[in-house]
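Right, one structure below, let's go through it.
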Amino acid sequence: MRSAMLFTSVSLATLLAFGAAHAAEAEAAPTDVEAIVITGEKTSRSIQDTTTSVAVITESRIADENIQSFADIVQRTANLSDTYGAAGFTIRGISNTNVSGGGGGGLATVYVDGAAVPERGLLNGPLDMWDIGQVEILRGPQSTLQGRNALAGAIIIRSNEPTFDFSGRARVLLSDADEQSFAAAVSGPIVADQLAFRLSGETRSSDGFIYNTTRKADEDFLDATTIRAKLLFTPTALPDLTVRAVWTHDEREGGYIYVYARTDVPNYFDNRVATGDYPNLSDSNTDIVTVEADYALSDRLTLSSTTSWSRVENVSSYDGDDTPLPLSFGDQIEGDESLTQEFRLNYNGDRLSGLIGFWYSDRDRDYHLTSLTNVPTPVQTLEAVLQGPPFGQSAPAAAFLADLYADALPVIPVNFDGVSTEQIKTTALFADGRYALTDKLSILAGFRYDREENTQAIDQVTTFAGIYPDPAAYGVYAPIIGGLNTVVGMFVAQANATSPSSTRSFEAFLPKLGVKYDFSDDVAASFVVQRGYRSGGAAVNQARSQVVPYDPEYTWNYEASLRTQWLDRTLTVNANAFYVDWTDQQVLVNLGLNTFDYQTENAGKSHLYGFEVELFHQPAPGFDWYASVGHTRTEFDEFNIVVGALDIDLTGSEFAFAPHWTLAAGANWRWGDGFLANLNASYRGDTYSGTGVDQDNAKIEARTLVNGKVGWANDTWGAYVFGANLFNEEYIQYNQSSFNRAILGDPRVIGVTLEANW
Numbered sequence: 008m009r010s011a012m013l014f015t016s017v018s019l020a021t022l023l024a025f026g027a028a029h030a031a032e033a034e035a036a037p038t039d040v041e042a043i044v045i046t047g048e049k050t051s052r053s054i055q056d057t058t059t060s061v062a063v064i065t066e067s068r069i070a071d072e073n074i075q076s077f078a079d080i081v082q083r084t085a086n087l088s089d090t091y092g093a094a095g096f097t098i099r100g101i102s103n104t105n106v107s108g109g110g111g112g113g114l115a116t117v118y119v120d121g122a123a124v125p126e127r128g129l130l131n132g133p134l135d136m137w138d139i140g141q142v143e144i145l146r147g148p149q150s151t152l153q154g155r156n157a158l159a160g161a162i163i164i165r166s167n168e169p170t171f172d173f174s175g176r177a178r179v180l181l182s183d184a185d186e187q188s189f190a191a192a193v194s195g196p197i198v199a200d201q202l203a204f205r206l207s208g209e210t211r212s213s214d215g216f217i218y219n220t221t222r223k224a225d226e227d228f229l230d231a232t233t234i235r236a237k238l239l240f241t242p243t244a245l246p247d248l249t250v251r252a253v254w255t256h257d258e259r260e261g262g263y264i265y266v267y268a269r270t271d272v273p274n275y276f277d278n279r280v281a282t283g284d285y286p287n288l289s290d291s292n293t294d295i296v297t298v299e300a301d302y303a304l305s306d307r308l309t310l311s312s313t314t315s316w317s318r319v320e321n322v323s324s325y326d327g328d329d330t331p332l333p334l335s336f337g338d339q340i341e342g343d344e345s346l347t348q349e350f351r352l353n354y355n356g357d358r359l360s361g362l363i364g365f366w367y368s369d370r371d372r373d374y375h376l377t378s379l380t381n382v383p384t385p386v387q388t389l390e391a392v393l394q395g396p397p398f399g400q401s402a403p404a405a406a407f408l409a410d411l412y413a414d415a416l417p418v419i420p421v422n423f424d425g426v427s428t429e430q431i432k433t434t435a436l437f438a439d440g441r442y443a444l445t446d447k448l449s450i451l452a453g454f455r456y457d458r459e460e461n462t463q464a465i466d467q468v469t470t471f472a473g474i475y476p477d478p479a480a481y482g483v484y485a486p487i488i489g490g491l492n493t494v495v496g497m498f499v500a501q502a503n504a505t506s507p508s509s510t511r512s513f514e515a516f517l518p519k520l521g522v523k524y525d526f527s528d529d530v531a532a533s534f535v536v537q538r539g540y541r542s543g544g545a546a547v548n549q550a551r552s553q554v555v556p557y558d559p560e561y562t563w564n565y566e567a568s569l570r571t572q573w574l575d576r577t578l579t580v581n582a583n584a585f586y587v588d589w590t591d592q593q594v595l596v597n598l599g600l601n602t603f604d605y606q607t608e609n610a611g612k613s614h615l616y617g618f619e620v621e622l623f624h625q626p627a628p629g630f631d632w633y634a635s636v637g638h639t640r641t642e643f644d645e646f647n648i649v650v651g652a653l654d655i656d657l658t659g660s661e662f663a664f665a666p667h668w669t670l671a672a673g674a675n676w677r678w679g680d681g682f683l684a685n686l687n688a689s690y691r692g693d694t695y696s697g698t699g700v701d702q703d704n705a706k707i708e709a710r711t712l713v714n715g716k717v718g719w720a721n722d723t724w725g726a727y728v729f730g731a732n733l734f735n736e737e738y739i740q741y742n743q744s745s746f747n748r749a750i751l752g753d754p755r756v757i758g759v760t761l762e763a764n765w
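With positions in the sequence shown counted from 1, the corresponding number in my numbering is that position plus 7.
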């Protein structure tokens with residue numbers, strides 16, 4: 008807490024001194040620089056009036072940089088980083104799933120047209136950028152407004168709106184990575200000035216970069232189709248009413264979530280192969296329906312309703328050993344269905360502005376796993392068993408006999424068939440607002456009261472799938488070997504059980520308080536303190552066939568921000584600095600029976616701090632450029648688990664996938680009669696793919712990616728050449744050195760796009 012107070016004092020002093028030095032500057036006149044409006048905080052305000060650290064990717068930037076998916080945005084944004092390739096991301100060093108393996112809820116929520124996308128939908132869902140109007144990345148806790156699963160931040164993705172004039176666009180994309188994409192969007196009126204539609208779709212296919220030499224097939228291929236239908240209703244009979252309805256359907260078939268290439272082959276960056284005999288596949292279907300309604304009760308008061316329903320179905324399979332032998336594999340069937348309802352009242356007065364709202368959600372998740380897994384024979388456990396009754400062996404004899412047995416059965420093949428169900432019901436009351444004490448000084452305040460019910464159940468069966476050592480082959484040790492066979496069978500059977508449905512309830516109060524000072528129309532500073540939250544739950548310990556409860560985790564977040572504009576508002580320079588205290592952290596712990604003996608416990612405490620600086624400059628109508636830098640430091644203050652002879656201590660370790668430095672820059676040129684070009688680059692510093700005392704062995708080297716696009720366009724059509732990773736940077740996203748495999752970054756890709764507009 009002392010370090011947090013020092014950080015607060017220094018941040019405020021710095022911001023006030025900076026603002027005072029420029030308060031006397033004359034008010035700048037507006038220019039033609041694009042005005043950016045932020046909607047992710049459930050109200051509309053300019054980016055310069057938003058105290059939250061927010062990165063905005065506009066439709067024009069998506070087009071200029073040939074951004075194809077949300078993963079491309081992650082690579083080019085300050086204090087964001089990918090984790091297992093495109094399968095996850097971190098915000099300020101905090102993974103969207105967890106930082107220590109524990110917890111069932113996410114830590115960053117992604118919204119598509121007002122609907123929260125379930126975690127499985129983030130891995131194989133509608134996150135492509137065709138016909139997207141704006142993406143907002145809100146860094147730092149959004150728990151006050153968004154509730155559960157927003158401790159690290161929130162991502163707001165909005166597709167383009169329907170229009171009351173007929174219009175359309177189409178695109179064809181081809182690349183040397185055997186990739187092709189066909190996309191189109193059309194919009195227009197159904198009833199003049201009252202009802203408009205927009206229909207968009209994209210189909211993508213790619214062979215990928217990894218070839219499976221055992222199955223003679225592409226390992227990371229992709230076939231994806233996304234269709235979006237949208238209606239805009241503005242009835243003349245109710246001129247103050249606006250209704251938007253969106254249906255998004257996404258289908259994609261391709262490689263498994265984590266796609267590995269062998270690193271024990273020569274030139275593995277150029278010779279990307281996999282050798283597993285079992286298919287690594289994922290087949291996902293996602294449907295999201297959202298209805299948003301806004302009714303202006305008066306010039307200052309607006310009533311809003313957002314109803315969303317989503318369903319994600321995924322069938323996947325994986326090879327657990329990545330060898331040509333049928334040693335380990337699994338099949339998964341997952342279903343996730345959610346219904347949410349929000350009511351909100353927004354007020355915008357002369358001095359007071361803000362909102363109050365009510366939230367309800369009901370989420371059901373089913374998970375079915377069948378697998379063959381090789382569990383390493385627990386030699387130390389067998390030694391302990393041999394020293395007790397009925398064996399009664401001495402310690403040296405027990406060690407000898409356990410090793411003898413493990414030589415004959417080094418791994419225990421286990422057939423597993425398990426079904427788990429989870430239902431989460433959440434209700435919340437929230438509020439957020441500002442009150443102007445003077446023309447320059449405002450008070451910021453908010454809260455959320457969140458109540459959740461979490462119900463879980465499991466039903467699982469495990470059977471021994473191998474051949475026991477033959478006792479007759481061991482002479483005088485035959486009775487002991489036969490006894491150990493019985494013990495191993497009991498180990499396997501221990502996971503057989505049915506755990507009836509159990510329910511836990513959680514309540515949380517999440518306050519927010521801050522101040523904002525406007526030194527001038529172009530310079531403002533703020534400081535905000537708020538509480539972040541991730542709900543508790545229950546985790547399934549497969550080895551013990553138990554549903555183990557765990558409690559919520561909390562953060563206190565201290566954040567200072569600075570918003571400035573210069574040079575007649577053609578130059579914007581914004582900055583945020585933060586410090587976070589994290590307590591009761593949900594961590595994943597192995598209790599020592601075997602590799603499946605995991606459960607979540609509240610055993611962690613950590614802190615993190617850093618900053619972001621982002622600027623945008625448009626010195627001339629035909630040229631603009633941007634740059635950003637992010638810095639984050641993370642550390643576990645307490646993470647010490649002792650279970651019997653097991654001692655896990657991560658104290659002093661950094662979070663996984665939390666680079667200290669991220670930098671990005673880009674520029675756009677437009678000249679002549681329709682010629683244009685873009686060049687952009689991003690840097691991610693060294694990071695770690697794991698935590699613990701041997702963290703240095705999990706180090707991932709820094710990488711720099713350079714991308715570009717050049718072409719010609721007029722009002723009706725355009726043709727472009729693009730390049731991703733132009734210098735063919737060879738980099739690893741995640742390394743499993745003990746298995747001689749890794750997730751590799753994509754190589755250089757060159758392609759062309761043809762576009763038409765009408």
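Note that beta-carbon positions come from the ideal geometry of N, C-alpha and C, so glycine has one too.
What residue does the alpha helix (DSSP H) around residue i start on, and which one ends it?
{"i": "residue 486", "result": "485-500"}
{"i": "residue 392", "result": "386-394"}
{"i": "residue 127", "result": "126-130"}
For residue i and residue j, what's the separation of their Cα atoms in angstroms?
{"i": "residue 72", "j": "residue 716", "result": "7 Å"}
{"i": "residue 460", "j": "residue 368", "result": "11 Å"}
{"i": "residue 735", "j": "residue 754", "result": "5 Å"}
{"i": "residue 301", "j": "residue 312", "result": "7 Å"}
{"i": "residue 467", "j": "residue 505", "result": "6 Å"}
{"i": "residue 359", "j": "residue 446", "result": "12 Å"}
{"i": "residue 450", "j": "residue 361", "result": "11 Å"}
{"i": "residue 149", "j": "residue 497", "result": "47 Å"}
{"i": "residue 678", "j": "residue 370", "result": "52 Å"}
{"i": "residue 644", "j": "residue 97", "result": "20 Å"}
Determine the extent of the beta strand (DSSP E) in which residue i is found, giving its start and end residues.
{"i": "residue 414", "result": "Careful: residue 414 lies outside any beta strand (DSSP E), inside the alpha helix (DSSP H) at 402-415."}
{"i": "residue 78", "result": "Run containing residue 78: none in the beta strand (DSSP E); it sits in the alpha helix (DSSP H), 77-82."}
{"i": "residue 194", "result": "186-198"}
{"i": "residue 449", "result": "448-471"}
{"i": "residue 665", "result": "Here residue 665 belongs to no beta strand (DSSP E), and DSSP marks it neither H nor E."}
{"i": "residue 427", "result": "418-443"}
{"i": "residue 507", "result": "504-525"}
What three-state label does DSSP hand residue i in the structure shown?
{"i": "residue 607", "result": "strand"}
{"i": "residue 836", "result": "For the chain, the structure presents residues 8 to 765; residue 836 sits outside this window and is missing."}
{"i": "residue 479", "result": "helix"}
{"i": "residue 66", "result": "helix"}
{"i": "residue 287", "result": "coil"}
{"i": "residue 714", "result": "strand"}
{"i": "residue 657", "result": "coil"}
{"i": "residue 74", "result": "coil"}
{"i": "residue 765", "result": "coil"}
{"i": "residue 152", "result": "helix"}
{"i": "residue 201", "result": "coil"}
{"i": "residue 707", "result": "strand"}
Among all the DSSP beta bridges, which residues are the ones paired with residue i?
{"i": "residue 278", "result": "The partner list for residue 278 (beta bridge, DSSP) is empty, contrary to what the question assumes."}
{"i": "residue 87", "result": "98"}
{"i": "residue 352", "result": "310, 363"}
{"i": "residue 573", "result": "578"}
{"i": "residue 748", "result": "269, 743"}
{"i": "residue 226", "result": "The partner list for residue 226 (beta bridge, DSSP) is empty, contrary to what the question assumes."}
{"i": "residue 614", "result": "588, 642"}
{"i": "residue 4", "result": "In the structure as shown, the chain begins at 8 and stops at 765. Residue 4 is therefore absent and cannot be evaluated."}
{"i": "residue 358", "result": "Beta-bridge pairing links residue 358 to no other residue."}
{"i": "residue 370", "result": "345, 431"}
Assuming residue i and residue j make a contact with CB atoms under 8 Å, what is their CB distance in whole Å?
{"i": "residue 105", "j": "residue 140", "result": "Actually they do not touch by this definition, with Cβ atoms about 31 Å apart."}
{"i": "residue 539", "j": "residue 557", "result": "No, residue 539 and residue 557 are not in contact; Cβ-Cβ is about 17 Å, not under 8 Å."}
{"i": "residue 230", "j": "residue 260", "result": "5 Å"}
{"i": "residue 697", "j": "residue 663", "result": "6 Å"}
Could you tell me whether any non-hydrogen atom of the ligand NAD is closer than 7 Å to the CB of residue i?
{"i": "residue 375", "result": "This structure does not include the ligand NAD; it has no bound ligands of any sort."}
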